[in-house]
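Chemist: Per my numbering, residue 976 is the first one in the sequence shown, and the count goes up by one each step.
A virtual CB, placed ideally from N, CA and C, is assigned to each residue, including glycine.
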Amino acid sequence: MSLLTRKIYSARSWKRFAVLSLSTLVCFYVFQLANEKVSLRIPRYSAETGLSTVIGDETPTESPAAAEACAALFQSFLRQGSGWGMRSFSDRKSIFFSRRRVIQSVKYLRLYGHCFVTNLAPFDGIDYEELDSRLFPIFTRELPVFTRWDDTREDEATSVNEQENVKLEGSDLNQTLKLPFWRRAKDSMKDRGIVISFGEGGVSEVKMLLNVLRLLGNKLPIQLVHKGDVSAEAMQSISYVARNDVTKDAETNTHGFDLPQEIWFVNAKRGIKNGHHDLFKRFSNKWIASLFNSFDEMILMDSDAVPFMNPERFFDLVGYQETGAFFFKDRLIDEYLKTSDLKFYKKLLPTEEESKVFGIPSSTEKTTQNDFFKAGYKHLMESGVVVIKRSDHLPGLLISTALQLWKETSEPVYGDKELFWLGQSISGNENYRFNKNAAGALGILNRDEKRALNYTCSTQLAHFDEKLRLLWINGGLRNCKKPSWYFDFGKQKSLRRKFKSPAELEDYFKAPIDVDGAVIPARSKNSLYQNLRGKKAGFEKCPKMGCDGAFWSAFDSLNSYGGETIRFNPSFIKEIGQVIHSWNLEYS
976 MSLLTRKIYS ARSWKRFAVL SLSTLVCFYV FQLANEKVSL RIPRYSAETG
1026 LSTVIGDETP TESPAAAEAC AALFQSFLRQ GSGWGMRSFS DRKSIFFSRR
1076 RVIQSVKYLR LYGHCFVTNL APFDGIDYEE LDSRLFPIFT RELPVFTRWD
1126 DTREDEATSV NEQENVKLEG SDLNQTLKLP FWRRAKDSMK DRGIVISFGE
1176 GGVSEVKMLL NVLRLLGNKL PIQLVHKGDV SAEAMQSISY VARNDVTKDA
1226 ETNTHGFDLP QEIWFVNAKR GIKNGHHDLF KRFSNKWIAS LFNSFDEMIL
1276 MDSDAVPFMN PERFFDLVGY QETGAFFFKD RLIDEYLKTS DLKFYKKLLP
1326 TEEESKVFGI PSSTEKTTQN DFFKAGYKHL MESGVVVIKR SDHLPGLLIS
1376 TALQLWKETS EPVYGDKELF WLGQSISGNE NYRFNKNAAG ALGILNRDEK
1426 RALNYTCSTQ LAHFDEKLRL LWINGGLRNC KKPSWYFDFG KQKSLRRKFK
1476 SPAELEDYFK APIDVDGAVI PARSKNSLYQ NLRGKKAGFE KCPKMGCDGA
1526 FWSAFDSLNS YGGETIRFNP SFIKEIGQVI HSWNLEYS
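1) Take every Cβ of the stretch 1306-1317, pair it with every Cβ of the stretch 1347-1362, and state whether three or more of those distances are shorter than 8 Å.
2) Can you say whether P946 is buried or exposed, counting buried as having 16 or more other CB atoms within 10 angstroms of its CB?
3) Report the option in A1044, V1081, A1047 and L1110 whose CA atom is closest to the CA atom of S1567.
4) Exposed or buried, what is G1176 when buried is set at 16 or more other beta-carbons lying within 10 Å of its beta-carbon?
5) What is the DSSP secondary structure of T1133, reduced to helix, strand or coil?
6) Say whether the stretch 1077-1087 touches the stretch 1206-1220, bearing in mind that this needs 3 or more beta-carbon pairs closer than 8 Å, one atom from each stretch.
7) Alpha carbon to alpha carbon, what distance is there between G1174 and G1246?
8) Would you call I1488 buried or exposed, if buried means 16 or more other Cβ atoms sit within 10 Å of its Cβ?
9) Considering only residues of the same chain and omitting the five flanking positions on each side of I1363, which have a CB-CB separation below 6 Å?
10) Leaving aside the five residues before and after R1158 along the sequence, list all residues of the same chain whose C-beta is less than 6 Å from its C-beta, in chain order.
11) Which class does L1445 belong to by DSSP, given the choice of helix, strand or coil?
12) Sorry if obvious, but does the Cβ on A1416 come closer than 8 Å to a heavy atom of the ligand PLP?
13) Mind checking whether K1304 and F1409 have CB atoms under 9 Å apart?
14) Can you tell me whether DSSP reads F1258 as helix, strand or coil?
15) Contact between the stretch 1179-1198 and the stretch 1234-1245: three or more CB pairs below 8 Å?
16) Go through its chain and collect everything with a Cβ distance to G1294's Cβ below 6 Å, but skip five positions before and after it.
17) Closer than 6 Å by C-beta to S1546: which residues in its own chain qualify, once you throw out the five before and the five after it? Chain order, please.
18) Please list, in chain order, all residues of the same chain as V1170 whose beta carbon is under 6 Å from its beta carbon, the five residues on each side excluded.
19) Grouping DSSP H, G and I as helix and E and B as strand, with all else coil, what is D1523?
20) Is the stretch 1526-1541 touching the stretch 1463-1477, taking contact as three or more C-beta pairs under 8 Å?
21) Assuming H1089 and P1370 form a contact by the criterion Cβ under 8 Å, report the distance between their Cβ atoms to the nearest whole angstrom.
22) Under the three-state reduction of DSSP, which class applies to S1057: helix, strand or coil?
23) Return yes when the Cβ of D1107 is within less than 9 Å of the Cβ of P1039, no when it is not.
24) Could you have a look at D1125 and say whether DSSP puts it in helix, strand or coil?
25) With contact counted as at least three CB pairs below 8 Å, one residue from each stretch, are the stretch 1424-1435 and the stretch 1479-1494 in contact?
26) Report the start-end ranges of each beta strand (DSSP E) in the stretch 1350-1409 that is 3 residues or longer and not cut off at the edges.
27) Looking only at its own chain, which residues have a Cβ that is under 8 Å from the Cβ of V1187, when we skip the five neighbours before and after it?
28) Would T1339 and N1406 be called neighbours here (beta carbons separated by less than 9 Å)?
29) Name the one or two DSSP bridge partners that A1280 has.
30) Please report the residue range of the alpha helix (DSSP H) in which V1178 lies.
31) Could you name the residues of the same chain whose beta carbon sits closer than 7 Å to that of S973, not counting the 5 residues immediately before and after it, in chain order?
32) How is F1156 classed by DSSP in three states: helix, strand or coil?
33) For G1100, which residues of its own chain have a beta-carbon under 7 Å away from its beta-carbon, when the five flanking residues on both sides are left out?
34) Who are the near neighbours of I1541 in its chain, counting only those whose CB is closer than 6 Å to its CB and skipping five residues on each side?
35) Give the single residue among W1381, A1243 and R1472 whose Cα lies nearest to the Cα of S1063.
As C-alpha cells, then:
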C-alpha cells in the first residue's frame, strides 16, 4: 500500500513540476520578447511534463502544455496594457532600434498564427478583439463586400460573424468564447478560384487576361480585388469583356473554347482602417488580395501574367498536391543581398525556444540552405502566379503582409516576390514547393555560331514545368508594355538609328510579340574579367533595346550543360499565336 501511495505522490509531484516549469518558461519568454539581449537555455523535458520535446530531427508537435503556454503568454501581454504592441507600419523606417522592434513584432505574429490560427486554442480570459487590434492595427476586423458581374451583392462578413462564438468543450452549453478574427476568416474559406489585384490603372490588362481565360476555357470563378478605388464604369467594361458574346474566329480559335467568365468584384476598403489605405501601393496591393478573398485554394495572378494552359491545371501540379503551396523561380541573375540584411532575415526565423515551448517547427535546410540564405542571391522567386491553399498557409501570408509594409524588411528585396516564401518559412511552415526550372526568356531564337550560343531577347519571363511545357509568362504579350518610347528614343542612339521617330517606336512597342522558342539559361559562372571581355552567359539586361530597361537577353551555351534551348513545333507556335491574338484584342 505504501508503494502505491508513493507512486501517486510521485505522479502528482511530476504534474506540479510540469505546471511550475511551464509557468517559469512562459515568464522568461515574455521577458525575452521585451529584451532581445536575453538568451534562454531551456532544458529537455520528458513526455511526462506535457511539454513538446525535440529529439533528433523530429518536428515538435502541439501539446496541451503548449496550448496552455499560448494562453499564458498572450494573457501576460494583454495585462501589460499599452506596454507592448507591433512595430509601426508607417511608410518610413524608425531611427532607433527599428530592426529589434521588427524581430519582436514578427515573434508576436508567429505565435498568434501558431496558437490561434493553425491550432485552435481558445481560452477564457483572452480579449481576442484587443489582441487583433494590437497585432493588426491597420485592419478593422471586417471582410469585404462581394459584387457579382450582374450586380448581385454578398456581404461576406455575415458568414464570418456567424462563427464568432464557439462553445468550449466540456463546458456549460451556454458558455461561449469569441475567436480571433483571422481564425474566423480561415474557417470561412471555401472552394477554388483565381484572384487578381487591380486598380483603375490596371483595367486594360485585366481585360486582356480575361480574353485569354475565355480562350483557354477557364471555369474557375475569378475575384478581382480592389480598395474601393475602381470606378463603376471600369467594372462595367470588365464585365462586358468577361461576359459578352464574342464572334468566334475559326482560324484563331482552334482551342474550341470561349466561355463567359464568372467574375466578382471584391471591395476590401472597409477591411482597412481609415488613414492606412495609402500603405498599400503597387506591390503591396497583392497582400490585400491574398487576405481578402473567399477562396481556400487560390491562384493569385498578376494582371500582366498570361497562362498557356487551363488555369485549373495549376492545382494538379505535383508540388502543389504534396504541399498546398506552389511557387515559381525567378530568372537566375547574380545580384546579392547585403551581409547585414541577410543576417537580419535569419533573425526573423523561428527560435529554438519557440520550438521547445510552443511546438513551432524550426527551420530546416530547405530554408537555411536555399540560394537566398546560403549564397545571398537576391532573386529566388517570381510571384506573377502563386498557387496556395490559404487555410494551411494563412499565418505566413499575415507575416508576409507585415514584411511588405515595414521598410526594414521590404527594401532589401524587390517588390513582393521573396516575401511569399519568406513569410511561410518565418511562420514555421515549410510546406511549399518551387518549380523545378528557373524562369526563361520567350521570343525568337537566335544562334551566335562564333560564340557557340543560342539566345533570345524579350521582356517576357517564361515558366516551364519539368517536361519543358510552357505554363505561363509574365510581362504581357506585346514587345513592350511600358509607355517609354519618348524616353527611350531620346536616350538610345541605337533606337534612333532603327526607328525614324518616337511614334514608330511606339508602334513597335505596342505590337504583339513573335515567338518560336525560349531559352532557360544556367546561372552565369563568368568571372569579372570574362564579363569585361564580353563573354555572354546567363541573363543579361539590354538597356539599348529600350522599354525603360525591361529587355533581357538569355544565353544558352552549346558547349556546356545546365541551360535549355526550347524550340516550339509549328502546331504549338500556332496555339501560342492564338493566345497572343486573344490577349491583344481591345474593346472600346
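Modeler: Walking through what the data contain:
1) Between the stretch 1306-1317 and the stretch 1347-1362, the count of Cβ pairs shorter than 8 Å is three or higher; the stretches touch.
2) Examination of residue 946 is not possible in this model, given that the chain is present from 976 through 1563 alone.
3) The structure shown does not extend to residue 1567, since the chain is modelled only from 976 to 1563, so the question has no answer here.
4) Start at 1 with the first residue of the sequence shown, and residue 1176 comes out as number 201. Exposed: under 16 other Cβ atoms inside 10 Å.
5) Indexing the sequence shown from 1 puts residue 1133 at position 158. The predicted position of T1133 is uncertain, since its pLDDT is 45 and thus under 50; a value taken from the coordinates is nonetheless stated next. The answer is helix: DSSP assigns T1133 an H, G or I state.
6) Judged by Cβ distances under 8 Å, the stretch 1077-1087 makes no contact with the stretch 1206-1220, as fewer than three pairs qualify.
7) Your numbering for residue 1246 matches position 271 in the sequence shown. Your numbering for residue 1174 matches position 199 in the sequence shown. For G1246 and G1174, the distance between alpha carbons rounds to 16 Å.
8) Reading the sequence shown from its first residue, position 513 is the one you call residue 1488. Buried, since its Cβ has 16 or more Cβ neighbours within 10 Å.
9) Taking the first residue of the sequence shown as 1, we reach residue 1363 at position 388. Leaving aside the five residues that flank I1363 on each side, the residues in its chain whose CB is nearer than 6 Å to its CB run, in chain order, M1273 and A1300.
10) Translated into positions along the sequence shown, residue 1158 becomes position 183. Cβ within range, chain order: F1091 and V1092.
11) To locate residue 1445, count along the sequence shown from 1; it is residue 470. Strand at L1445.
12) Ligands in the displayed structure: none, and consequently the ligand PLP is not present.
13) Here residue 1304 refers to the residue found at position 329 when the sequence shown is read from its first residue. Here residue 1409 refers to the residue found at position 434 when the sequence shown is read from its first residue. In this structure, F1409 lies closer than 9 Å to K1304 by Cβ.
14) Against the sequence shown, residue 1258 aligns to sequence position 283. Of the three classes helix, strand and coil, the one that applies to F1258 here is helix, per DSSP.
15) yes
16) Residue 1294 sits at position 319 when you count from the first residue of the sequence shown. The answer, listed in chain order, is F1301 and R1408.
17) Position 571 of the sequence shown, counting from 1, holds the residue named residue 1546. Same-chain partners within the cutoff: there are none.
18) Mapped onto the sequence shown, residue 1170 falls at position 195. So the list reads Q1198, A1264, N1268, M1273 and L1275, once near-sequence residues are dropped.
19) In the sequence shown, counting from the first residue as 1, residue 1523 sits at position 548. D1523: helix per DSSP, three-state reduction.
20) no
21) Here residue 1089 corresponds to residue number 114 of the sequence shown, with the count starting at 1. Here residue 1370 corresponds to residue number 395 of the sequence shown, with the count starting at 1. Taking 8 Å as the upper bound for CB-CB distance, H1089 and P1370 are in contact here, some 7 Å apart.
22) Taking the first residue of the sequence shown as position 1, residue 1057 is located at position 82. The answer is helix: DSSP assigns S1057 an H, G or I state.
23) Position 64 of the sequence shown, counted from the first residue, corresponds to residue 1039. Position 132 of the sequence shown, counted from the first residue, corresponds to residue 1107. Not a contact, by the Cβ cut-off of 9 Å.
24) The residue given as residue 1125 occupies position 150 in the sequence shown. Residue state, collapsed to three classes: coil.
25) yes
26) 1356-1364
27) For the purposes of this step, residue 1187 is taken as residue 212 along the sequence shown, with counting starting at 1. Closer than 8 Å at the Cβ level, and outside the excluded window around V1187, lie V1281, P1282, V1554, S1557 and W1558.
28) For the purposes of this step, residue 1339 is taken as residue 364 along the sequence shown, with counting starting at 1. For the purposes of this step, residue 1406 is taken as residue 431 along the sequence shown, with counting starting at 1. T1339 places its beta carbon 9 Å or farther from that of N1406.
29) Here the question's residue 1280 lines up with position 305 in the sequence shown. N1449, per the DSSP bridge assignment.
30) Residue mapping note: residue 1178 aligns to position 203 of the sequence shown, counting from 1. Start and end: V1178 to L1190.
31) Because the chain here runs from 976 to 1563, residue 973 falls outside it and cannot be looked at.
32) Position 181 of the sequence shown, counting from 1, holds the residue named residue 1156. Residue state, collapsed to three classes: helix.
33) In the sequence shown, residue 1100 corresponds to position 125, counting from 1. Q1050, listed in sequence order.
34) Here residue 1541 refers to the residue found at position 566 of the sequence shown. Once the five neighbours on either side are set aside, the close Cβ partners of I1541 are L1443, G1492 and A1493.
35) Working through the sequence shown from its first residue, we reach residue 1063 at position 88. Answer by Cα proximity: W1381.
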